[in-house]
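The structure appears right after this line, and notes come after that.
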Amino acid sequence: MAQLGKKNLTLFQTLRKEKAVKAIAAGNTVVPNLQDSLVDVHVHGGTKRKAELPIRAGKGKDVKKVRAAMMGAGSASGVKGLEAGLIKLPETTVRKDIEINVPESLINSINNMEPRALVKAMVEISSKTLLLSRCVGSLYERELKEGSQTKMEELQEKVDKHDEEKETWEKEKEKWEVERKRLAMWRVRCLDSEEKLKGRIAELEADYDDIQEKHDGLEGDLEDLKSCIIQEHINGF
Numbered sequence: 051m052a053q054l055g056k057k058n059l060t061l062f063q064t065l066r067k068e069k070a071v072k073a074i075a076a077g078n079t080v081v082p083n084l085q086d087s088l089v090d091v092h093v094h095g096g097t098k099r100k101a102e103l104p105i106r107a108g109k110g111k112d113v114k115k116v117r118a119a120m121m122g123a124g125s126a127s128g129v130k131g132l133e134a135g136l137i138k139l140p141e142t143t144v145r146k147d148i149e150i151n152v153p154e155s156l157i158n159s160i161n162n163m164e165p166r167a168l169v170k171a172m173v174e175i176s177s178k179t180l181l182l183s184r185c186v187g188s189l190y191e192r193e194l195k196e197g198s199q200t201k202m203e204e205l206q207e208k209v210d211k212h213d214e215e216k217e218t219w220e221k222e223k224e225k226w227e228v229e230r231k232r233l234a235m236w237r238v239r240c241l242d243s244e245e246k247l248k249g250r251i252a253e254l255e256a257d258y259d260d261i262q263e264k265h266d267g268l269e270g271d272l273e274d275l276k277s278c279i280i281q282e283h284i285n286g287f
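Counting in the numbering used here, the sequence shown runs from 51 upward without gaps.
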């Protein structure tokens, strides 16, 4: 493949040369812009992208010479190529959001190519596709790793924050537990004091009854004493 690339033009350069030759042969004074892309790729929901196919300056001047160099001596003598119409659809849907539009001139050029040229072009493009797919895979892998790393950091921050909040809650819980125990002890003391006060009140009530009874007795004795004194005065004491 390396030797072929050094000695000959690439497939797309050959197609551009053929396009220019056909335009001149048809009498067109304005040759199409050969710097433009031959394939348009449309991605739904995004921008329109073109597959750029650069031309190497100073490589080849005659399409027949290029064919002869690539395919052998018989290829430039007008050997009939593949059956025309192998590629019939100018628009191919790769998936629901990607479509590839191929110009009719490119389709005709591919249909007129010989088998060996198609095989070589396929191998060359497949090799480039493999390299590009590996590059894209590496990009996706790197993006996935970076995204996973970022996600892990975010989750770690949440875990650390949760641990801090949990530690704060534990400290608050300990404080409330101490307060609960203190209040429980205070309640026990209050209940004990209440029982003692109730007993003291009962004792005081009993003492009051005794004092009241004694007071009533003293009042009776006082009345008797008053009666005796009055009686003695009456009797001439």
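C-beta: ideal position from N, C-alpha, C; glycine also.
Take the Cβ of residue i as the centre, count every other Cβ of all protein chains shown within 10 Å, and call the residue buried at 16 or more, exposed below.
{"i": "alanine 252", "result": "exposed"}
{"i": "lysine 56", "result": "Residue placement at lysine 56 is poorly supported in this model, since its pLDDT is 41, which falls under 50; the coordinates still yield a value, given next. Lysine 56 is exposed by the Cβ-count criterion."}
{"i": "serine 159", "result": "buried"}
{"i": "alanine 20", "result": "In the structure displayed, the chain extends from 51 to 287; residue 20 sits before or after that span and is not available."}
{"i": "lysine 67", "result": "buried"}
{"i": "alanine 256", "result": "exposed"}
{"i": "alanine 167", "result": "buried"}
{"i": "methionine 163", "result": "buried"}
{"i": "threonine 97", "result": "Reliability fails at threonine 97, whose pLDDT of 46 lies under 50, so the model's placement of it is uncertain and no value is given."}
{"i": "lysine 211", "result": "exposed"}
Grab me the residues of residue i's own chain with a C-beta within less than 8 Å of its C-beta, minus the 5 sequence neighbours each way, in chain order.
{"i": "glutamate 38", "result": "This structure gives no information on residue 38, because the portion of the chain shown stretches from 51 to 287."}
{"i": "leucine 275", "result": "none"}
At the 9 Å Cβ level, is residue i part of the contact set with chain B, yes or no?
{"i": "valine 169", "result": "The displayed structure is made up of one protein chain only, and chain B is not part of it."}
Among the residues of its own chain, which have a CB less than 6 Å from the CB of residue i, if the five just before and after it don't count?
{"i": "lysine 195", "result": "none"}
As an exercise, report each continuous beta strand (DSSP E) stretch of at least 3 residues that is fully enclosed by the region 251-275, in chain order. Counting only runs of 3 or more, we get nothing.
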